[in-house]
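See below for the structure under consideration.
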Amino acid sequence: MMYTIKKAARFVLSIIIVTASLPLTAQQKTKQPRFNIKGTVTGFPDSTLLLLSNLADGSYKDIDSTFILNNRFSFTGFLTEKVEKLAVHTKDFKHRVAFWIDDTETMISAEKDKFRSATIQGAKAQRQNKILDSIISNSKDPKADYIKFIQANPASIVSANMLSIYSSTWNKDTVQMLYKQLDPTAKNTIYGKQIGDFLSLNRDIKIGSSYADFEQKNLSGQSVRLSDYKGKVVLLEFWGSWCLPCRQGHPELIKTYNTYKDKGFDILGVAAETDKQIFKKAIQEDGLPWQNVSDLKGDKNKAALIYGVSYYPANFLIDRNGIIIAKDVRGDKLKEKLKEIFE
Numbered sequence: 009m010m011y012t013i014k015k016a017a018r019f020v021l022s023i024i025i026v027t028a029s030l031p032l033t034a035q036q037k038t039k040q041p042r043f044n045i046k047g048t049v050t051g052f053p054d055s056t057l058l059l060l061s062n063l064a065d066g067s068y069k070d071i072d073s074t075f076i077l078n079n080r081f082s083f084t085g086f087l088t089e090k091v092e093k094l095a096v097h098t099k100d101f102k103h104r105v106a107f108w109i110d111d112t113e114t115m116i117s118a119e120k121d122k123f124r125s126a127t128i129q130g131a132k133a134q135r136q137n138k139i140l141d142s143i144i145s146n147s148k149d150p151k152a153d154y155i156k157f158i159q160a161n162p163a164s165i166v167s168a169n170m171l172s173i174y175s176s177t178w179n180k181d182t183v184q185m186l187y188k189q190l191d192p193t194a195k196n197t198i199y200g201k202q203i204g205d206f207l208s209l210n211r212d213i214k215i216g217s218s219y220a221d222f223e224q225k226n227l228s229g230q231s232v233r234l235s236d237y238k239g240k241v242v243l244l245e246f247w248g249s250w251c252l253p254c255r256q257g258h259p260e261l262i263k264t265y266n267t268y269k270d271k272g273f274d275i276l277g278v279a280a281e282t283d284k285q286i287f288k289k290a291i292q293e294d295g296l297p298w299q300n301v302s303d304l305k306g307d308k309n310k311a312a313l314i315y316g317v318s319y320y321p322a323n324f325l326i327d328r329n330g331i332i333i334a335k336d337v338r339g340d341k342l343k344e345k346l347k348e349i350f351e
C-alpha cells in the first residue's frame, strides 16, 4: 500500500511540474517582439487587397495580406529583427509606401492618389527617416548630406541602410571610412552585414584587369564557376526578372548569342533574385539559351558585390585570356565588339 501511495504522489507531482512549466513556455513565445500596424485610407473600395512586404534584401517579399474595410486596414505579427523595413502595397504596386517598424504601434494615414506620401507614425527609425527625407528633398548635394546624416547617426539602422544602398555607387574608401564610424548596433543589422560583405568581396574591376572568379548555382542546383568559361569570349550579364530594360533587351541578345556561339562566344547570366520559381519563370518566358545562376540574395548577389554592380542591366565582356575588355556593351556596340574579335 505504501508503494502505491508513493507512486501516486510521484504521478501527481509530475503533473504539477508539467502544468507549472506551461505558462513559462507561453511566456517564452511572447518574448519575440510583435508589430502592430493600423491604417486609415481614403479612395479605395471595400475589399481592396493590400499586401505587407519585407524589404530587407532589396526586393518585395510578401509576408502578410489583408483587405480594406470601411477605409481601414491592419496587420499584426512577429518581428524577426528589432527594427525592420516593410512596405504596404496593392498587388499591382501602383499604390505603395515603405516605412520602418519596431515593437511600437505604427499608424498609417493615406489617400489613394497620394499613397506614397502617407503620414506614418511609430518607430524611432521612421522618425529618423522622415528627417533624412526632408534634408535630401532640399539638398543641393545629396551625397554630402547622406554622409553627414550617417556620421551624425552612427547607431541608426537608417544610416546602415543608406550606406548599404550606396555602397556600390560611392568610392570604396568612402564606404570603408563610414562603415568604421558605424556603431556596433548598426553594424549588426542586416544592412550593416551587407556593407561588411561588400567591403570584403568587392574587387576593383576595370577594363584591362583580370576577371574575378565566383561560383553560384543554376536552376538544376549545379555549381557553375566563371572560370569554367576559360578559353572563351564570355559576356557576364547581370540582370533580374523584375528589371524591364533587362527583359526587353533579351530578344536582341539571343540573336547576337546565336550568331557567335559556334565561334567561341558564350554568356553567363547572373540574376538578382530571391525566389527560385520567379527566376525559373523569367528564363522560360524569355527563352534564354545560356546558363543563368543566382544565389537568391536579391540585389546583394555576391557576384554583383564582387563586380560592384549598382544598376541593372550591367555586363562585362571578358576575352579568352580572362581580361575585361569592355563594360556595359549591348545592342550594336556588343555586335561591333564581337565582330572585331571573331571576323
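The numbering of the sequence shown is our numbering, which starts it at 9 and goes up by one. For glycine and all other residues, C-beta sits at the position ideal for the given N, C-alpha and C.
Three-state secondary structure (DSSP) of residue i
{"i": "Arg18", "result": "With a pLDDT of 49 at Arg18, under the threshold of 50, the modelled position of that residue is not reliable, and no figure is offered here."}
{"i": "Lys188", "result": "helix"}
{"i": "Ala34", "result": "Residue confidence for Ala34 is low, a pLDDT of 43 falling below 50, so the modelled location carries little weight and cannot support an answer."}
{"i": "Asn300", "result": "strand"}
{"i": "Ile215", "result": "coil"}
{"i": "Arg338", "result": "coil"}
{"i": "Asn309", "result": "coil"}
{"i": "Arg169", "result": "Looking at the sequence shown, residue 169 is not Arg but Asn. Correct three-state label for Asn169: helix."}
{"i": "Ser29", "result": "Unreliable placement is indicated for Ser29, whose pLDDT of 44 sits below 50; the coordinate value is still reported in the next sentence. Residue state, collapsed to three classes: helix."}
{"i": "Val183", "result": "helix"}
{"i": "Gly204", "result": "helix"}
{"i": "Tyr319", "result": "coil"}
{"i": "Ala163", "result": "coil"}
{"i": "Thr197", "result": "coil"}
{"i": "Glu351", "result": "coil"}
{"i": "Ile24", "result": "Unreliable placement is indicated for Ile24, whose pLDDT of 41 sits below 50; the coordinate value is still reported in the next sentence. Of the three classes helix, strand and coil, the one that applies to Ile24 here is helix, per DSSP."}
Counterpart residues of residue i in DSSP-defined beta bridges
{"i": "Ser231", "result": "Lys225"}
{"i": "Thr119", "result": "Sequence check: residue 119 is Glu here, not Thr. Thr50, per the DSSP bridge assignment."}
{"i": "Leu325", "result": "Leu243 and Ala334"}
{"i": "Phe43", "result": "Gly85"}
Proximity to residue i [Cα-Cα], best of the options
{"i": "Ser82", "options": "Lys69, Glu89, Val49 and Leu63", "result": "Val49"}
{"i": "Phe123", "options": "Arg104, Gln136, Gly130 and Ala131", "result": "Arg104"}
{"i": "Asn179", "options": "Leu207, Ile165 and Gly200", "result": "Leu207"}
{"i": "Ile262", "options": "Tyr237, Lys271, Leu325 and Leu296", "result": "Leu296"}
{"i": "Asp307", "options": "Glu351, Tyr174 and Asp121", "result": "Tyr174"}
{"i": "Thr88", "options": "Leu58, Ala290, Ile198 and Lys288", "result": "Ile198"}
{"i": "Tyr268", "options": "Lys347, Tyr237 and Tyr219", "result": "Lys347"}
Cβ pair residue i, residue j closer than 8 angstroms
{"i": "Asn323", "j": "Leu209", "result": "no"}
{"i": "Ala171", "j": "Ile213", "result": "Inspection of the sequence shows that residue 171 is occupied by Leu rather than by Ala. No; because the gap between Cβ atoms is not below 8 angstroms, this pair is not in contact."}
{"i": "Ser249", "j": "Ala279", "result": "yes"}
{"i": "Thr112", "j": "Ala131", "result": "yes"}
{"i": "Gln129", "j": "Trp108", "result": "no"}
{"i": "Leu313", "j": "Glu281", "result": "no"}
{"i": "Lys93", "j": "Ala64", "result": "yes"}
{"i": "Pro162", "j": "Gln189", "result": "yes"}
{"i": "Val242", "j": "Ile275", "result": "yes"}
{"i": "Ile332", "j": "Ile215", "result": "yes"}
{"i": "Ala5", "j": "Ile165", "result": "Summary: the structure shown does not reach residue 5, with the chain confined to residues 9 through 351, and so no result is reported for it."}
Contact test: residue i Cβ vs the ligand SAM heavy atom, cutoff 7 angstroms
{"i": "Arg255", "result": "Absence of the ligand SAM from the depicted structure is noted, as is the absence of any ligand whatsoever, leaving it without description."}
Alpha helix (DSSP H) runs wholly inside the segment 219 to 298, at least 4 long, in chain order: Within the segment 219 to 298, the complete alpha helix (DSSP H) runs of at least 4 residues are 252 to 268 and 284 to 294.
Could I get the ranges of all uninterrupted beta strand (DSSP E) runs contained in the segment 50 to 100, with 3 residues as the minimum, in chain order? Listed in chain order, they are 57 to 62, 69 to 75, 80 to 86 and 92 to 97.
Note down, one range per segment and in chain order, each beta strand (DSSP E) of at least 3 residues found wholly within the segment 101 to 157. Unbroken beta strand (DSSP E) runs of no fewer than 3 residues, entirely contained in the segment 101 to 157, are found at 104 to 109, 114 to 119 and 127 to 129, following chain order.
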